[in-house]
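Note sheet for the following structure.
Residue numbers (our numbering): 1 to 428.
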């Protein structure tokens with residue numbers, strides 16, 4: 001499989017995607033620091049316990065790299081579609097299915113876990129905490145799908161105005177932060193989910209057209225890092241590039257100008273290293289590893305926190321073994337390799353079971369535009385609400401917000417894929 005990659009393929013794109021996923025996994029497994037206190041499990045957070053670790057998020061908050069890689073891939077793919085005379089509906093429905101098909105089993109499993117856990121009498125707060133933690137990864141997909149949905153518009157803007165299309169989005173992000181932080185305009189900061197991530201996505205277009213050479217990219221990286229240092233040092237932005245429990249402003253939910261500066265820095269330094277990295281990826285063993293990770297990348301991303309929860313539940317059932325160590329202590333750090341091995345061991349069977357859903361499903365034909373967009377909106381509403389309020393409910397017999405769980409499944413059916421659509425087709 002690794003040897004079958006076409007010679008013109010940019011292997012560095014796949015490498016960055018794989019590296020970013022692994023950084024997310026390690027970061028999540030590190031910052032989540034539950035421990036036993038008075039016989040109960042407390043949900044500790046390393047960034048709140050050890051404030052110096054907040055600086056590590058400048059390296060572990062790699063969502064900007066996903067949007068950079070996404071911009072490269074989407075730009076190349078959409079340009080090829082235009083050359084071949086293909087349709088938006090066919091192009092986007094393929095992307096939507098590849099990203100959402102692996103999500104649906106995760107939703108189904110955690111719906112059943114939350115339901116049976118509630119019916120078994122487990123404290124609803126514990127059920128909600130477990131479900132919320134395990135489903136954290138889905139928020140990214142709701143944003144990325146919306147960014148990908150407007151590629152025809154952003155690509156046209158790139159082709160017409162080049163880097164000006166990027167700077168216009170940066171200006172929008174600045175205006176939003178000023179309105180939110182200086183004038184306290186409520187909810188306006190959520191618009192930066194669009195401005196910040198679309199801006200980084202535009203840099204992916206620039207990369208795909210060779211407009212960010214290594215030398216120029218290095219300058220972008222330095223500029224982004226300087227801007228980030230100034231924003232954090234003299235502005236209202238916290239050091240941490242992800243949310244910290246108990247702190248005020250979050251740089252990620254919604255994204256801020258500081259996170260945009262981090263994204264520019266990461267993009268610049270990553271592209272400055274591209275020539276050396278591509279030479280390294282000529283090594284077949286290294287490239288095979290990259291291909292292997294990319295072949296199950298969504299499964300790793302979606303299920304790594306479920307693996308974490310499984311290990312924590314097992315430790316709790318065994319009397320809290322290993323959870324009596326204070327997070328951040330020397331003993332806690334020394335135990336991290338053992339815990340990481342346990343998380344990996346729990347993740348492997350999940351990969352074996354669910355990686356199959358990453359394979360391309362049978363093409364359901366041309367999807368009408370209204371179906372595609374309606375399905376997309378329902379899916380994104382479901383994913384976004386899940387990240388915000390959890391599928392677990394403090395009320396009701398089932399302990400599950402069934403309306404919320406239904407949204408991505410109904411959206412997929414309207415967009416002509418997923419289990420409901422297949423069931424309807426089998427009965428037709």
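Backbone N, C-alpha and C fix where the C-beta goes; we use that ideal spot for every residue, glycine too.
Predicted model, so just to flag it, every value in this text is computed and none were measured.
When the Cα atoms are used, what is the spatial distance from residue i to residue j?
i	j	result
residue 60	residue 399	34 Å
residue 53	residue 89	44 Å
residue 13	residue 225	22 Å
residue 154	residue 168	12 Å
residue 393	residue 82	46 Å
residue 439	residue 163	The structure shown does not extend to residue 439, since the chain is modelled only from 1 through 428, so no value can be given for it.
residue 242	residue 231	15 Å
residue 418	residue 38	45 Å
residue 282	residue 18	16 Å
residue 111	residue 391	7 Å
residue 250	residue 244	7 Å
residue 389	residue 279	45 Å
residue 313	residue 113	12 Å
residue 270	residue 207	11 Å
residue 382	residue 423	21 Å
residue 175	residue 199	14 Å
residue 50	residue 288	37 Å
residue 105	residue 380	16 Å
residue 237	residue 401	35 Å
Can you give me the Cβ contacts of residue i inside the same chain, cut-off strictly under 8 Å, excluding the 5 residues immediately before and after it?
i	result
residue 371	414, 415 and 416
residue 309	130, 133 and 134
residue 336	30
Nearest to residue i by alpha carbon, out of the options?
i	options	result
residue 347	297, 375 and 319	297
residue 338	352, 175, 321 and 249	321
residue 63	331, 178, 139 and 275	139
residue 196	374, 108, 65 and 47	65
residue 429	113, 342 and 79	The question about residue 429 has no answer, for the chain in this structure spans 1 to 428.
residue 214	256, 272 and 55	272
residue 446	28, 260 and 240	The structure shown does not extend to residue 446, since the chain is modelled only from 1 through 428, so no value can be given for it.
residue 376	93, 285, 422 and 395	93
residue 141	100, 161 and 353	100
Does DSSP put residue i in a helix, a strand or coil?
i	result
residue 459	Here the chain has residues from 1 to 428 only, and residue 459 is not among them.
residue 253	coil
residue 185	coil
residue 41	strand
residue 296	coil
residue 400	strand
residue 32	strand
residue 261	helix
residue 392	strand
residue 371	helix
residue 200	helix
Here's a check: name, in chain order, each residue in its chain whose Cβ is nearer than 6 Å to the Cβ of residue i, leaving out the five neighbours to either side.
i	result
residue 190	254
residue 267	68 and 203
residue 311	342, 343 and 346
residue 323	35, 36 and 315
By Cβ distance below 7 Å, which residues in the same chain neighbour residue i in space, the five residues on each side in sequence not counted?
i	result
residue 46	30, 31, 33, 53, 327 and 328
residue 44	33, 34, 35 and 327
residue 20	62, 65 and 66
residue 246	48
Does any residue of chain B bring its CB to less than 8 Å from the CB of residue i?
i	result
residue 348	No chain B is part of this structure, which consists of one protein chain only.
key: Touch test, the stretch 175 to 185 against the stretch 138 to 150, Cβ-Cβ under 8 Å, three pairs minimum   = Segments in contact, no.
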